[in-house]
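Numbering (the working numbering), first residue to last: 5 to 136.
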Amino acid sequence: MPTLPFLVESPLATAIVMGVIAFLFVLLRWSYGRNHRFSRDVLLGYFRRRFRVTDPGMAEAATKLLLSSFATLFLLLSVFGFLVASGIIRNGNKIKPPASNESRVLQDYLRGSGGGINMQELIRKNKSDTDK
């Protein structure tokens, strides 16, 4: 069973959101294929302006390909989220930032094991550590 190198906070919610987005792209592709005026005019106009496509057939093919690609991408992301949520792919651990001297001093202060250090001394010590 593979393990992710990172943590997905809420894989089920991610899967549901990606599934909804994929469904919206499928609906947009369907409405484009049914010659709905709004989606067809907007998307064809975008491709003609953005990519300077003068051939209407080429713009139509590019629009269909773009919508299908986005629907497929978000559907795959949704499936991935469901695989992580179901446990087929194990979720990873939270990534820990590398500990620096500054963070160690601050952690000691927050834990109370800083040897009776107060805030002014902490700032002074941190400043002297960064000057080195």
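Note that the Cβ used here is the ideal one computed from N, Cα and C, for glycine as well.
Check: Neighbourhood of Ile93 by C-beta, 6 angstroms cutoff - its chain only, sequence neighbours within 5 removed; Outcome: Pro6, Leu87
Check: For Thr58, the three-state DSSP class (helix, strand or coil); Outcome: coil
Check: Boundaries of the alpha helix (DSSP H) in which Ile93 is found, first to last residue; Outcome: Per DSSP, Ile93 belongs to no alpha helix (DSSP H) and is neither H nor E.
Check: Met22 versus Arg56: straight-line alpha-carbon distance, rounded; Outcome: 31 angstroms
Check: Opposing strand residues paired with Thr7 [DSSP bridges]; Outcome: Arg94
Check: Backbone CA spacing between Arg128 and Leu114 [nearest angstrom]; Outcome: 16 angstroms
Check: Delimiting residues of the alpha helix (DSSP H) encompassing Ile25; Outcome: 15-37
Check: Through-space distance from Gln111 to Phe74, alpha-carbon basis; Outcome: 45 angstroms
Check: Close-in-space but distant-in-sequence residues of the same chain around Met123 (CB under 6 angstroms, 5 per side omitted); Outcome: none
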